[in-house]
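Asks: Can you keep this structure in mind? I'll have questions shortly.
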Amino acid sequence: MPDFSDPPDFADEITEEEVLAGTHYVRPTARYYEECCVLIYGIPVVGPERIEKLKVVLSKVFNFVHIPFSTFFPTDDDGKTKGYCFLEYETPEQTSAASKVLDGYTLDKNHTFSAYILSAMRELTEPVENWTPPAKKDYVDAGDLW
Numbered sequence: 647m648p649d650f651s652d653p654p655d656f657a658d659e660i661t662e663e664e665v666l667a668g669t670h671y672v673r674p675t676a677r678y679y680e681e682c683c684v685l686i687y688g689i690p691v692v693g694p695e696r697i698e699k700l701k702v703v704l705s706k707v708f709n710f711v712h713i714p715f716s717t718f719f720p721t722d723d724d725g726k727t728k729g730y731c732f733l734e735y736e737t738p739e740q741t742s743a744a745s746k747v748l749d750g751y752t753l754d755k756n757h758t759f760s761a762y763i764l765s766a767m768r769e770l771t772e773p774v775e776n777w778t779p780p781a782k783k784d785y786v787d788a789g790d791l792w
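With the numbering used here applied, the sequence shown corresponds to residues 647 to 792, in that order.
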């Protein structure tokens with residue numbers, strides 16, 4: 647069996663920091679970051695005095711799938727939450743699983759979540775200005791199909 651150990655008097659000419667410099671500290675791209683973030687609509691709008699309690703309640707729900715890397719609850723000028731929040735997960739796979747579980751989740755009778763991965767929101771378009779609902783078609787009885 648070959649021996650791959652260094653001789654006793656061997657001195658490395660390159661430091662570990664130089665070896666790891668190109669691999670460890672690679673800044674993620676904006677697209678990858680967006681794939682790791684979920685936008686949750688439908689959270690309760692509360693004042694500044696109840697934000698901490700809301701965060702505790704929502705963290706129990708959010709941690710059900712995966713523990714988020716970070717959370718952000720935007721507030722208005724009065725300190726009230728805006729009815730949505732951002733969750734950042736470590737991987738796109740965790741983000742996808744979380745969005746599937748949280749989309750349609752009912753917190754209470756007045757609050758049902760809608761979850762969107764940020765990268766998927768780029769594909770959304772503005773609604774057409776002159777959109778009209780489709781015309782209602784009359785029911786046509788096909789008779790006995792047996």
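Using N, Cα and C, we set each Cβ at its ideal position, and we do this for glycine too.
Identify the continuous alpha helix (DSSP H) that holds Y678 and give its terminal residues.
Replies: Along the sequence shown, one-based indexing puts residue 678 at 32. Note, Y678: alpha helix (DSSP H), A676 to E681.
Asks: So, for Y735: in the same chain, excluding its five sequence neighbours on each side, which residues have a beta-carbon less than 8 Å away from its beta-carbon?
Replies: As a position in the sequence shown, residue 735 is number 89, starting the count at 1. Within the same chain, Y735 has close Cβ partners C682, C683, V684, H712, P714, F715, T741 and A744.
Asks: On the CB-based measure, 16 or more other CB atoms within 10 Å of its CB, does A781 come out buried or exposed?
Replies: Here residue 781 refers to the residue found at position 135 of the sequence shown. When all chains shown are included, A781 counts as exposed.
Asks: So what does DSSP say about T741, is it helix, strand or coil?
Replies: Here residue 741 is taken as the residue at index 95 of the sequence shown, counted from 1. Helix.
Asks: Please check the pair Y687 and Y730, which I expect to be a contact at CB under 8 Å, by giving their CB distance rounded to whole angstroms.
Replies: On the sequence shown, position 41 is the one that residue 687 refers to. On the sequence shown, position 84 is the one that residue 730 refers to. Yes, they are in contact, since the Cβ atoms of Y687 and Y730 sit about 5 Å apart, within 8 Å.
Asks: Helix or strand or just coil, what does DSSP make of E663?
Replies: Here residue 663 corresponds to residue number 17 of the sequence shown, with the count starting at 1. Three-state result, E663: helix.
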